[in-house]
Amino acid sequence: MAATPWALELMLVGAVPLAVVRRLQANLQEILHHPVSIMPERLDPSPAFNPARRQYDAMTLLGLLQPLPGKHQVRRLGVTDVDIFLPVFTHIFGLGSLSGGAAVVSLFRLRPENNGYPPNQELLHWRLAKEALHELGHLFGLRHCPVPWCAMASSRSAEEVDLKDAAFCPTCAEQIGIVPLPKGFTAHKPW
Ligand SMILES: [Zn+2]
Ligand SMILES: [Zn+2]
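Count the sequence shown with my numbering and you get residues 22 to 212, in order.
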């Protein structure tokens with residue numbers, strides 16, 4: 022990341038609370054040591070709605086989130102509260118293309134209250150930070166990582182997200198040129 026200039030924009034998709042995205046902005050800035058901006062406009066996810074599944078197509082959302090052509094240095098992460106899917110999966114936490122400028126992450130399946138647990142806002146913030154980092158890692162060309170605590174480990178459930186850190190392992194961090202495990206984001210954490 023350090024080698025070429027890049028910008029990271031967060032975009033609210035649908036009715037996601039601004040306070041949650043502001044908290045994600047602060048967490049990502051601390052983890053990545055890089056400024057993160059929030060776009061002023063919200064994206065309407067309704068073109069991605071699939072009536073048969075009553076979910077939103079993540080590929081369609083990625084198309085809607087693409088930065089303007091020519092802005093190759095811009096990475097854009099959509100943050101949404103709607104339930105997103107890919108045709109081969111019942112649901113996903115997020116999607117980031119290995120080559121594209123856009124990724125999306127959803128709070129829906131990360132919410133404890135959607136998994137049979139009481140609401141827990143702190144837990145939700147940390148899960149979101151981890152899955153946002155995961156999708157950003159894909160945007161920067163990282164694939165899934167075998168290190169269990171690395172943000173690039175793949176997670177099939179919210180409980181598996183809890184096993185990860187909001188950080189890249191040294192190997193992944195080196196590949197994208199950020200400092201591994203910044204102060205305050207050490208293993209096995211803080212709620
Ligand atoms: Zn992944
Ligand atoms: Zn890793």
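For every residue, glycine included, the Cβ atom is placed at its ideal position computed from N, Cα and C. Quick caveat: nothing in here was measured; it's all calculated off a predicted structure.
Listed in chain order, the non-local C-beta contacts of A174 below 6 Å within the same chain comprise C166 and K185, local neighbours out to five positions each way being set aside. The straight-line gap separating the alpha-carbon atoms of N135 and S178 is approximately 12 Å.
Annotation: the continuous alpha helix (DSSP H) that includes E51 extends over L39 to L53. Here V103 is near G35, since their CB atoms are less than 7 Å apart. Around the beta-carbon of G137, fewer than 16 other beta-carbon atoms lie within 10 Å, marking it exposed. The beta carbon of L29 sits closer than 6 Å to those of V57 and R96, all from its chain and outside the five residues before and after it, given in chain order. If you compare the alpha carbons of T111, I52, G91 and P68 with that of H155, the shortest gap goes to I52.
Taking the Cα of L116 as reference, the smallest distance to any Cα among P169, A124 and V109 is reached at A124.
In this structure, the straight-line span from the alpha carbon of L64 to that of R164 is close to 27 Å. Inside the region 147–190, DSSP marks whole alpha helix (DSSP H) runs of 4 or more residues at positions 179–183, from first to last along the chain. For S175, the shortest C-beta to heavy atom distance toward ligand 1 is below 6 Å. Within the model, the alpha-carbon separation for C171 versus L49 is close to 15 Å.
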